[in-house]
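Engineer:
There are 2 protein chains.
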Amino acid sequence: MDTLAHMQLFLRVVQGGSLSAAGRQIGVSPASVFRGINALEDSLGVRLLNRTSRKLTLTEAGQLYLARIEPILSEIEGLNAEIGQLQVTPRGTLRVHARMSFGNRQLAPRLPDFLSQHPGLCVDLRLSDRPLDLVDENIDVALRVGEVNSPSLMIRKLVSSRRVVCASPAYLARNPLPERPEDLTEHNCLTFYSEFNQPIWRFMKDGELTECRVRGSLQSDGGDVLRLGALKGLGIALLPTWNIGPDLEDGSLVALLPGYQATPFGFDDSIYIVTQKVRHRSLKVQLFIDFCLKSFRDRQDWKIPA
Amino acid sequence: MDTLAHMQLFLRVVQGGSLSAAGRQIGVSPASVFRGINALEDSLGVRLLNRTSRKLTLTEAGQLYLARIEPILSEIEGLNAEIGQLQVTPRGTLRVHARMSFGNRQLAPRLPDFLSQHPGLCVDLRLSDRPLDLVDENIDVALRVGEVNSPSLMIRKLVSSRRVVCASPAYLARNPLPERPEDLTEHNCLTFYSEFNQPIWRFMKDGELTECRVRGSLQSDGGDVLRLGALKGLGIALLPTWNIGPDLEDGSLVALLPGYQATPFGFDDSIYIVTQKVRHRSLKVQLFIDFCLKSFRDRQDWKIPA
DNA sequence: ACCATCTTTTCACCAAATGAAAAGATCGAG
DNA sequence: CTCGATCTTTTCATTTGGTGAAAAGATGGT
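Printed below as a string of structure tokens:
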């Protein structure tokens, strides 16, 4: 039922002026050309070519068919070229998903660079703190915190990262320094709101897990709200290093509980690039991944004090 | 390389919303659908469908491809229907070839009937006394005198016919009646001009062949010129019975040399329908052949006196 | 955790496509 | 008119590639 190939064959036969010539052009035996034309004629129930061993002319039906088929074939050829071009010159829209804080703080500043490098591309950056289904929402690339495990997804680590319990020097001046996770229950802890997770902070030291249900005067689903709260000396927050790295460096925030690994969710708080596992990764996706890897390379491991 | 089938498959998958559904629709296994879509994606080098076991969405390339493919497929479908229609409702031009005299005297009067029976058809009647190559000249049907022998042609006898040496009663009153072919050399013989044949009349009686080189005051390549000459008493002509049948009947011409078979060419002077030998005879050709056979049925054997 | 339904892989099987070669056709040249 | 070059068409043996069944893997709802 390979009608399209037969159409192209028919076209070549007409152009070449003989079955054999067409066969030589495309490298198949005259017998195959003969059978192809026959199959086409049979499927249409009409004779397309008047042929003897020396002459070849179109029947009326053949002329009609040829005239109608030529634009169709060139249309298809153009379509294939256009599709193929997508893998050479990126075009269209790239839909990216990230969590709000990471998208705002890390992605947003870098996107203009990416877009100016690829004028044919648009980016649709979707921000939400609930994970989206890549297929459902037609997400090309998602940036997620923590390793995801699904056989239909491809994972690649973008940057290492962890979370740090921290507070401002002003707050620490007014309050006792927490030395063990349990001490945090006496502190004003600024917690992230999620409809899926309780405000529980988990700590790991020497292979021993400690879970603390913390609470405080400020809860928010906006990551930066908590950071600002901590900076202003309101309380203690558990924030990712990619967010508060500069604050730790310049001393406006101080990391607490050294020696403890801390997290509100899982202990792997690195950022991962997540895409669907497919045979043909589109160029735009590949370019975006490459861009991200390069752009975050010098942040491969956010400086984490002590 | 059956790309067209793959395109249709892709369309059905999108419409059906799943590979399995498309498979059930067209009666193939899910495995085949899977392989078909894969082959299409591979040939394009692009992923068209985002698919998990529960969801199926189009990629951007898939959307583009779908949009471009739909008109193409319906175009092809329409084309096939149109071609198929040719075998139901005859349409287009039927090119017929015949010798001048037969075309003028026999075909021309019957054509209006044929055309009014098939309003969609046109007839292009080519008249010439030299045989044409059916393929070269794109002749659909030729009406020829005498049997042709070629493996690429289909022959069918339309009407029996022979040639008769004849003259008008007036001429015979002024001249001695020829009794043997040799007597004709003393007569004014009206001969047919052909650049391929000498004006030689051949006679057969009891298996014995006599050839006479005849001559006279009128030679022409117009068949009816000779007939009119004979009618006017100018001389003796060798004319086909389909032409002078009525003249013989009403006595305006008299057949000479009874018992002799006469011919200027071969001895088979019947009229044959000649077409190319093809697998799919087009409807218009078949209709014309049927029409001719029916129209000439009551002339199956032109009345030949004595 | 199970179940229904989907996609994907695997495998064995068979039909359909292929080329080589012969046969048939056609035309021009010697 | 025969021969030879070049087609088309047929024949035949071979093999590739497509096929479905069935298993395996994946997914979402109950």
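For the protein sequence lines, the chains are X and V, in the order given.
The first sequence maps to residues -13 to 292 in the working numbering.
The second sequence maps to residues -13 to 292 in the working numbering.
The C-beta atom is built at its ideal place from N, Cα and C for all residues, glycine as well.
Give, in chain order, every unbroken run of the alpha helix (DSSP H) that is at least 4 residues long and sits entirely within the region 225 to 287 of chain X.
Structural biologist: Complete alpha helix (DSSP H) runs here, min 4: 227 to 235 and 269 to 281.
Engineer: Is it true that the CB of residue 31(V) sits closer than 8 Å to the CB of residue 70(X)?
Structural biologist: As a working mapping, residue 70(X) is identified with position 84 in the first sequence. As a working mapping, residue 31(V) is identified with position 45 in the second sequence. Yes, the pair counts as a contact, with Cβ atoms nearer than the cut-off.
Engineer: Apart from the five residues on each side of it in sequence, which residues of its chain come closer than 8 Å, Cβ to Cβ, to residue -3(V)?
Structural biologist: Here residue -3(V) is taken as the residue at index 11 of the second sequence, counted from 1. The answer, listed in chain order, is 52, 55, 56 and 59.
Engineer: Could you tell me the distance, in whole angstroms, from the CA atom of residue 292(V) to the CA atom of residue 241(V)?
Structural biologist: Counting from one through the second sequence, the residue named residue 292(V) turns up at place 306. Counting from one through the second sequence, the residue named residue 241(V) turns up at place 255. Here residue 292(V) scores only 44 on pLDDT, less than 50, and its place in the model is too uncertain to base an answer on.
Engineer: Exposed or buried, which one is residue 229(X) when buried takes at least 16 other CB atoms within 10 Å?
Structural biologist: Here the question's residue 229(X) lines up with position 243 in the first sequence. Label assigned to residue 229(X): buried.
Engineer: Look at the alpha carbon of residue 208(X) and the alpha carbon of residue 123(X), and state the distance between them as a whole number of angstroms.
Structural biologist: Stepping through the first sequence from its first residue, residue 208(X) is reached at position 222. Stepping through the first sequence from its first residue, residue 123(X) is reached at position 137. Cα to Cα, residue 208(X) sits roughly 23 Å from residue 123(X).
Engineer: Using a beta-carbon distance below 8 Å, is residue 128(X) in contact with chain V?
Structural biologist: Locating residue 128(X) in the first sequence gives position 142, counting from the first residue. It does not: the Cβ of residue 128(X) has no partner Cβ on chain V nearer than 8 Å.
Engineer: Can we say the region 74 to 84 of chain X touches the region 34 to 45 of chain X, given the rule of at least three CB pairs closer than 8 Å?
Structural biologist: Verdict: no, contact absent.
Engineer: Between residue 142(X) and chain V, is there a C-beta pair that is closer than 8 Å?
Structural biologist: Start at 1 with the first residue of the first sequence, and residue 142(X) comes out as number 156. It does not; no Cβ of chain V falls within 8 Å.
Engineer: Check the Cβ-Cβ distances between residue 266(V) and every residue of chain X, and say whether any is below 8 Å.
Structural biologist: Locating residue 266(V) in the second sequence gives position 280, where the first residue counts as 1. Cβ-Cβ to chain X under 8 Å: yes for residue 266(V).
Engineer: Note down the Cα distance separating residue 150(V) from residue 139(V), rounded to an integer number of angstroms.
Structural biologist: Numbered from 1 along the second sequence, position 164 holds the residue referred to as residue 150(V). Numbered from 1 along the second sequence, position 153 holds the residue referred to as residue 139(V). Near 29 Å, if we compare the C-alpha coordinates of residue 139(V) and residue 150(V).
Engineer: Can you tell me which of the three DSSP states residue 171(V) falls into?
Structural biologist: Here the question's residue 171(V) lines up with position 185 in the second sequence. Helix at residue 171(V).
Engineer: Taking the alpha-carbon of residue 265(X) as reference, which of 7(V), 112(V) and 35(V) has the nearest alpha-carbon?
Structural biologist: Counting from 1 along the first sequence, the entry for residue 265(X) is found at position 279. With distances taken between Cα atoms, residue 265(X) lies closest to 35(V).
Engineer: So that I know if they touch, is there some Cβ in chain X lying closer than 8 Å to that of residue 291(V)?
Structural biologist: The residue given as residue 291(V) occupies position 305 in the second sequence. Only weak support is given to the placement of residue 291(V): the predicted model assigns it a pLDDT of 49, under 50, and the question is left unresolved by the model.
Engineer: Could you compute how far the alpha carbon of residue 1(V) sits from the alpha carbon of residue 96(X)?
Structural biologist: Locating residue 1(V) in the second sequence gives position 15, where the first residue counts as 1. Locating residue 96(X) in the first sequence gives position 110, where the first residue counts as 1. Those two C-alpha atoms are separated by around 39 Å.
Engineer: With a CB to CB cut of under 8 Å and the five nearest residues on each side skipped, what residues in its chain are close to residue 144(V)?
Structural biologist: Along the second sequence, read from residue 1 onward, the residue named residue 144(V) stands at position 158. Only 129, 256, 257, 258, 259, 278, 279 and 282 meet the Cβ criterion.
Engineer: Taking 8 Å as the threshold, find out whether the region 243 to 256 of chain X comes into contact with the region 173 to 192 of chain X through three or more Cβ pairs.
Structural biologist: Output reads yes: the region 173 to 192 of chain X touches the region 243 to 256 of chain X.
Engineer: Relative to the alpha-carbon of residue 20(X), which residue among 88(X), -5(X) and 202(X) has its alpha-carbon at the smallest distance?
Structural biologist: The sequence position of residue 20(X) within the first sequence is 34, counting from 1. That would be -5(X), whose Cα lies nearest to the Cα of residue 20(X).
Engineer: Determine the direct distance from the alpha carbon of residue 172(X) to that of residue 239(X), and round the result to whole angstroms.
Structural biologist: Translated into the one-based positions of the first sequence, residue 239(X) becomes position 253. Translated into the one-based positions of the first sequence, residue 172(X) becomes position 186. Rounded to whole angstroms, residue 239(X) to residue 172(X) spans 19 Å at the Cα level.
Engineer: Which of the three DSSP states is assigned to residue 38(V) in this structure?
Structural biologist: Counting from 1 along the second sequence, the entry for residue 38(V) is found at position 52. Coil at residue 38(V), not helix or strand.
Engineer: Along chain V, which residues have their Cβ under 9 Å away from the Cβ of residue 124(X)?
Structural biologist: In the first sequence, the residue the question calls residue 124(X) occupies position 138. Ordered by position in chain V, the residues that pass the 9 Å Cβ test against residue 124(X) are 36, 43, 44, 45 and 46.
Engineer: Could you list which residues in chain V have their beta carbon closer than 9 Å to that of residue -9(X), in chain order?
Structural biologist: In the first sequence, counting from the first residue as 1, residue -9(X) sits at position 5. What residue -9(X) touches in chain V: -13, -12, -11 and -10.
Engineer: Can you find the residues in the same chain that come closer than 6 Å, C-beta to C-beta, to residue 174(X), ignoring five residues on each side of it along the sequence?
Structural biologist: Taking the first residue of the first sequence as position 1, residue 174(X) is located at position 188. The answer, listed in chain order, is 202, 203 and 221.
Engineer: Nearest to residue 134(V) by CA position, among 284(V), 254(V), 152(V) and 5(V), is which residue?
Structural biologist: Looking up residue 134(V) in the second sequence gives position 148. Selected option, being the one with the closest Cα: 254(V).
Engineer: Could you compute how far the alpha carbon of residue 167(V) sits from the alpha carbon of residue 113(V)?
Structural biologist: Taking the second sequence and counting its residues from 1, one reaches residue 167(V) at position 181. Taking the second sequence and counting its residues from 1, one reaches residue 113(V) at position 127. If you take the alpha carbons of residue 167(V) and residue 113(V), they lie about 32 Å apart.
Engineer: Could you please give me the residues that DSSP links to residue 191(V) through a beta bridge?
Structural biologist: For the purposes of this step, residue 191(V) is identified with residue 205 of the second sequence, where counting begins at 1. Bridge partners of residue 191(V): 194(V).
Engineer: Counting along the chain, where does the alpha helix (DSSP H) carrying residue 33(V) start and finish?
Structural biologist: To locate residue 33(V), count along the second sequence from 1; it is residue 47. Counting along the chain, residue 33(V) falls outside any alpha helix (DSSP H), and DSSP gives it neither H nor E.
Engineer: Is the Cβ of residue 71(X) closer than 8 Å to any Cβ of chain V?
Structural biologist: Numbered from 1 along the first sequence, position 85 holds the residue referred to as residue 71(X). Chain V contact via Cβ: absent.
Engineer: Please work out which residues of its chain come closer than 8 Å, Cβ to Cβ, to residue 205(V), disregarding the five sequence neighbours upstream and downstream, and give them in chain order.
Structural biologist: Counting from 1 along the second sequence, the entry for residue 205(V) is found at position 219. Here the set comprises 176, 177, 178, 179 and 185.
Engineer: Quick one: which chain V residues come within Cβ less than 8 Å of residue 51(X)?
Structural biologist: Taking the first residue of the first sequence as 1, we reach residue 51(X) at position 65. Near residue 51(X) (Cβ distances below 8 Å), the residues of chain V are 65 and 69.
Engineer: Work out the CA separation of residue 84(V) and residue 237(V) for me, nearest whole Å.
Structural biologist: In the second sequence, counting from the first residue as 1, residue 237(V) sits at position 251. In the second sequence, counting from the first residue as 1, residue 84(V) sits at position 98. Straight-line Cα distance between these residues: approximately 28 Å.
Engineer: Verify whether the separation of the beta carbon atoms of residue 268(X) and residue 72(X) is less than 8 Å.
Structural biologist: By one-based count along the first sequence, residue 268(X) stands at place 282. By one-based count along the first sequence, residue 72(X) stands at place 86. Yes, the Cβ-Cβ distance between residue 268(X) and residue 72(X) is below 8 Å.
Engineer: Does chain V have any CB closer than 8 Å to the CB of residue 89(X)?
Structural biologist: Working through the first sequence from its first residue, we reach residue 89(X) at position 103. Answer no: the Cβ-Cβ gap between residue 89(X) and chain V never drops below 8 Å.
Engineer: Work out the CA separation of residue 262(X) and residue -12(V) for me, nearest whole Å.
Structural biologist: Locating residue -12(V) in the second sequence gives position 2, counting from the first residue. Locating residue 262(X) in the first sequence gives position 276, counting from the first residue. Cα to Cα, residue -12(V) sits roughly 28 Å from residue 262(X).
Engineer: Please list the partners that residue 121(X) has in chain V, where partner means a Cβ-to-Cβ separation under 9 Å.
Structural biologist: Taking the first sequence and counting its residues from 1, the one referred to as residue 121(X) is at position 135. Neighbours of residue 121(X) on chain V, chain order: 36, 37, 38, 40, 41, 42 and 43.
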